[in-house]
Structures are given as structure tokens and as C-alpha cells.
Amino acid sequence: MPKVSIKNSQSASDLKVYETDVKSLADLLVYKTNSKLKAEANEAFWYIEKFDTFSDLDVYFSDSKATADVLVHFVSDDGSAGWQSEHRLKGKLTKI
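Residue numbering for the sequence shown is 1 to 96, as defined by full-length UniProt numbering.
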């Protein structure tokens, strides 16, 4: 995943995600990294940008599973990050 910025509006976002606390329900297990280089190598590694102008993908956190493009669960180690199932966006998050 490229560098991500968090948006407060659906209309200003490229991707709508729903964060689930239940790991098994997530489509994508996400690891927040402090390395921009590491984030560019894997769409499951998210580097959160402070400034919109430097981000590659604008993400909106939805309150509804039904309106989300992808369900995510944040993990504490990079070895657990990745897609848990086949998904229409798998391999495409860097190209949105």
C-alpha cells in the first residue's frame, strides 16, 4: 500500500474501509508501518501521511460494513499482514 491519508468525507476518498475488531471477519490485515519504503512494497503495510499532498491513497473509515469497499483489521506485527481471502481489490490498492 502506498502512503495513506485519512479523510473525513466519503466524497474526498479513494477507498472506503470498515475497521473490524474481529480478525477473522477482515478482508485485509493491515500493519501500520513507520517506513515509507516498506509501505510501497506491500499493500497490507500502511504508512499514514500527515500531509495530503504526499499521500498516494485517500482513505475514509466508514461506520458501516455495507458501504465499505474493504474490511480491515489492524495487526501489531508485519508478518501477520496481508489479504485473508480473494477480494476484487486484491493487488489493486496501489492502482486506485
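Quick reminder that beta carbons are idealized off the backbone N, C-alpha and C, glycines included.
Query	Result
Simplified DSSP assignment, three categories, for K36	helix
Close Cβ partners of V75 (< 8 Å) along its chain, the five nearest in sequence each way excluded	K23, L29, V30, Y31, A81
Continuous beta strand (DSSP E) stretch holding E49: start and end	Neither: E49 is in no beta strand (DSSP E) and is coded neither H nor E.
First through last residue of the beta strand (DSSP E) which encompasses D58	57-61
Contact set for D69: own chain, Cβ-Cβ below 6 Å, skip 5 residues either direction	L15, K16
CB contact flag (S5, D52, <7 Å)	yes
V22 - partner residues in DSSP beta bridges	DSSP lists no partner for V22.
Of the listed residues Y47, A26, N34, K7, nearest to K65 (C-alpha basis)	A26
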